Amino acid sequence: MVEIPAQLFAGLAPEKIEIIRAAAHLLEYPADSTIYTQGDPADGLYCLCEGVVKEISLDAEERLRWVRLLGPGQLLGSGESLCSTPQMQTAIALRQSRLLWLSQEEFRNIGMEHADLLLWVATHMARQLCHLRSALVQRAYTESAVRLTEALQNVAEAFGTVTERGRLVDLDLSRDEWAALVGIAPETVSRVLHQLAERGVIELHGRRILLLDSARSLYP
Amino acid sequence: MAIKHVVVQSKPPKGPLICGAQGCAGCSWIFQGLSESAQQELQKLLRPVRYEANETIFHEGAPSFGFFIICQGQVKLVKQGSGAKRQILKIVGPGELLGEENIFNGKAHGASARTLEPTSARFIKREEFLDFLKRHPHVALQLAEKIARELQGFQAKLIEVAYESCRARLARILLALAREYGVPEKEGLRITAKLTRNDLAEMAGISTETAIRTLTELEERRLIKLERRKIYILDEDGLEELAATLPSDTVENVL
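Those protein sequences? They're chains D and Z, same order as listed. Sequence positions in the first sequence follow my numbering and run 1 to 220. Sequence positions in the second sequence follow my numbering and run 221 to 475.
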């Protein structure tokens with residue numbers, strides 16, 4: 001039995017949730033496995049119940065340009081399913097992940113019968129739209145170092161492990177992936193991480209980053 | 221990894237004329253496929269509103285009670301950054317929706333809306349429209365698709381602002397404005413949207429000084445012509461060469 005995060009179906013009546021659960025298939029992905037690939041045909045709606053998923057996209061020259069991290073309660077593939085476009089991103093499970101999947105056909109059929117399902121998906125997307133708009137302003141006008149430090153804190157808060165000395169980010173993200181997550185150059189990621197380490201804000205252990213509680217007052 | 225370039229479908233044609241306003245070419249495509257009786261049902265929800273030029277329709281953070289359909293005029297949607305920095309998120313013109321994400325997303329406006337010219341619109345209350353959507357799921361489906369396209373557009377803009385130069389961003393915006401609001405004249409394609417240099421800077425996410433410097437450079441290269449607040453596109457192909465290309469062929473929210 002999969003554990004359903006409270007925020008996943010927030011706002012939906014219990015009987016509507018049951019309709020989705022009855023039609024959905026439970027999919028399990030081990031860490032580092034690909035859920036779908038950029039350019040694949042859209043194949044439905046994925047509801048992340050457990051685990052962490054990394055969404056990435058490359059541009060036409062195969063440069064990594066987009067990274068987003070998703071946790072329990074978030075939706076994947078909704079935009080492509082609604083627009084019937086190929087997948088805009090590749091989705092990879094970073095940790096063992098369990099998802100409820102509604103095929104494209106089931107998603108549309110249930111949606112046309114129960115508009116609440118469409119309104120529920122639209123609510124998830126509207127929330128993300130609000131987040132992207134704030135991120136756009138931040139990207140345009142905030143210094144790279146501040147953006148990276150804020151991203152570190154947000155990732156640590158959402159996906160980090162609490163240790164005696166602080167929050168440990170252990171998601172195996174490369175320098176290039178941090179750069180695409182924040183929208184800065186990979187060289188800036190290296191420079192800022194080393195500066196933060198020198199100031200005693202973080203400790204670097206390969207790709208693992210420990211945000212030290214003792215340095216919390218130094219964060220922006 | 222083999223990359224397949226993702227191309228979003230072309231923009232759907234406008235929907236039926238819902239408001240009945242004179243000169244309106246049709247309402248948003250989310251209302252396509254509505255029966256006569258459903259159109260009449262929708263018309264009963266519309267409340268006409270008018271604004272002067274440079275008037276604020278709603279403020280960021282203020283409570284939201286519904287959304288607007290713009291019938292005539294143009295409106296800029298602006299988000300406040302830190303300090304005095306602001307970002308114009310998009311320009312909304314006739315037939316388009318304003319604040320539609322607020323139907324789903326909480327009760328406060330995420331940005332401010334200010335008119336660029338005298339504007340007439342129709343306001344629809346959130347609860348009444350949600351009831352309407354439940355009775356007409358295909359409109360709910362098209363509205364959800366519109367929000368999905370907006371998301372793709374903002375994602376493309378996020379990538380653009382991170383990786384493209386100020387000049388490339390400004391050139392793309394000038395081209396997009398010319399294609400949406402351009403009128404052929406003797407001097408060239410005139411952008412009719414009443415935007416200041418500061419507005420252009422806030423659309424591109426650059427400083428006003430950089431915008432002015434870049435516009436002057438584009439004028440010296442004879443790609444555009446500046447005449448007080450008027451901007452003419454003289455060489456569309458030349459500007460295209462400089463312009464940033466959005467990572468996907470986004471059709472919503474390119475301004």
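The beta carbon of each residue, even a glycine, is placed where N, CA and C say it ideally should be. No experiment lies behind these values; they were computed from the predicted model shown.
Minimum Cβ-Cβ distance from residue i to chain D less than 7 angstroms
i	result
Z:Leu254	no
Z:Lys299	yes
Z:Gln307	yes
Z:Ala360	yes
Z:Leu353	yes
Z:Gly330	yes
Z:Thr339	no
Z:Ile223	Confidence is the limiting factor: at Z:Ile223 the pLDDT is only 39, short of 50, which leaves the residue's position unreliable and the question unanswerable from this model.
Z:Val226	Confidence is the limiting factor: at Z:Val226 the pLDDT is only 39, short of 50, which leaves the residue's position unreliable, though a coordinate-based value still follows. Closer than 7 angstroms to some Cβ of chain D, the Cβ of Z:Val226 qualifies, so yes.
Z:Gly425	yes
Z:Gly251	Residue identity differs from the one stated: residue 251 of chain Z is Phe in this sequence, not Gly. No, its Cβ sits nowhere closer than 7 angstroms to a Cβ of chain D.
Z:Asn274	no
Z:Asn325	yes
Z:Glu321	yes
Euclidean distance between Cα positions of residue i and residue j
i	j	result
D:Ser84	Z:Leu353	21 angstroms
Z:Arg399	Z:Glu384	21 angstroms
Z:Gly330	D:His205	39 angstroms
Z:Glu439	Z:Pro404	18 angstroms
Z:Asp351	D:Ser174	47 angstroms
Z:Ala561	Z:Gly281	Lying outside 221 to 475, the shown extent of chain Z, residue 561 of chain Z is not represented and no answer is given.
Z:Glu321	D:Phe159	28 angstroms
Z:Leu266	Z:Gln372	29 angstroms
D:Gly79	D:Ala31	24 angstroms
D:Gly70	D:Val121	Here residue 70 of chain D turns out to be Leu, not Gly, going by the sequence shown. Cα to Cα, D:Leu70 sits roughly 16 angstroms from D:Val121.
Z:Lys327	Z:Gly408	44 angstroms
D:Glu55	Z:Cys244	41 angstroms
D:Asp172	Z:Gln307	34 angstroms
Z:Lys345	Z:Ile289	11 angstroms
D:Pro14	Z:Arg433	58 angstroms
D:Tyr29	D:Leu152	25 angstroms
For residue i, the first and last residue of its enclosing beta strand (DSSP E)
i	result
Z:Ala333	Ser332 to Thr335
Z:Glu280	Here Z:Glu280 belongs to no beta strand (DSSP E), and DSSP marks it neither H nor E.
Z:Cys291	Gly286 to Gln292
Z:Ile238	Segment: none, Z:Ile238 is in no beta strand (DSSP E) and carries neither H nor E.
Z:Arg433	Unbroken run through Z:Arg433 is the alpha helix (DSSP H), Thr428 to Glu440; no beta strand (DSSP E).
Span of the alpha helix (DSSP H) around residue i
i	result
D:Trp178	Arg175 to Val182
Z:Cys386	Cys386 to Tyr401
D:Cys83	Ser78 to Cys83
Z:Phe352	Arg346 to Arg355
D:Gln104	Gln104 to Glu113
D:Glu157	Ser144 to Phe159
Z:Gln300	Unbroken run through Z:Gln300 is the beta strand (DSSP E), Val295 to Gln300; no alpha helix (DSSP H).
is_contact[residue i, chain Z] using C-beta, thresh 7 angstroms
i	result
D:Ala135	yes
D:Cys47	no
D:Thr123	yes
D:Gly77	no
D:Gly183	yes
D:Ala126	yes
D:Leu82	yes
D:Leu132	yes
Whole-number beta carbon distance between residue j and residue i, since they are thought to touch under 8 angstroms
i	j	result
Z:Ile379	D:Trp178	Not quite, the Cβ-Cβ distance comes to about 16 angstroms (not below 8 angstroms), so this is no contact.
Z:Leu420	Z:Ile393	7 angstroms
Z:Gly293	Z:Ser340	6 angstroms
Z:Arg355	Z:Leu462	Going by Cβ atoms, the distance from Z:Arg355 to Z:Leu462 rounds to 49 angstroms, so no, they are not a contact pair.
D:Gln104	D:Gly44	5 angstroms
D:Asp213	D:Gly183	Going by Cβ atoms, the distance from D:Asp213 to D:Gly183 rounds to 28 angstroms, so no, they are not a contact pair.
Z:Lys296	Z:Leu361	With 8 angstroms as the limit, Z:Lys296 and Z:Leu361 do not qualify as a contact, their Cβ atoms being about 29 angstroms apart.
Cutoff 7 angstroms: residue i Cβ touching any chain C Cβ
i	result
D:Arg139	Absence of chain C from the displayed structure is noted, the protein chains being D and Z.
request  = Taking only beta carbons into account, state which residues of the region 357 to 381 of chain Z come closer than 8 angstroms to chain D, listed in chain order.
outcome  = Pro357, His358, Ala360, Leu361, Leu363, Ala364, Glu365, Ile367, Ala368, Arg369, Glu370, Leu371, Gln372, Phe374, Gln375, Lys377, Leu378, Ile379 and Val381
ask   = According to a CB-to-CB cut-off of less than 9 angstroms, which residues of the region 397 to 416 of chain Z neighbour chain D?
value = none
query = Any residues in the region 49 to 75 of chain D with a beta carbon nearer than 7 angstroms to a beta carbon of chain Z? Which ones, in chain order?
reply = Leu58, Asp59, Ala60, Glu62, Arg65 and Trp66
ask   = Using a beta-carbon distance cut-off of less than 9 angstroms, what residues from the region 98 to 116 of chain D approach chain Z?
value = Arg108, Gly111, Met112, Glu113, His114, Ala115 and Asp116
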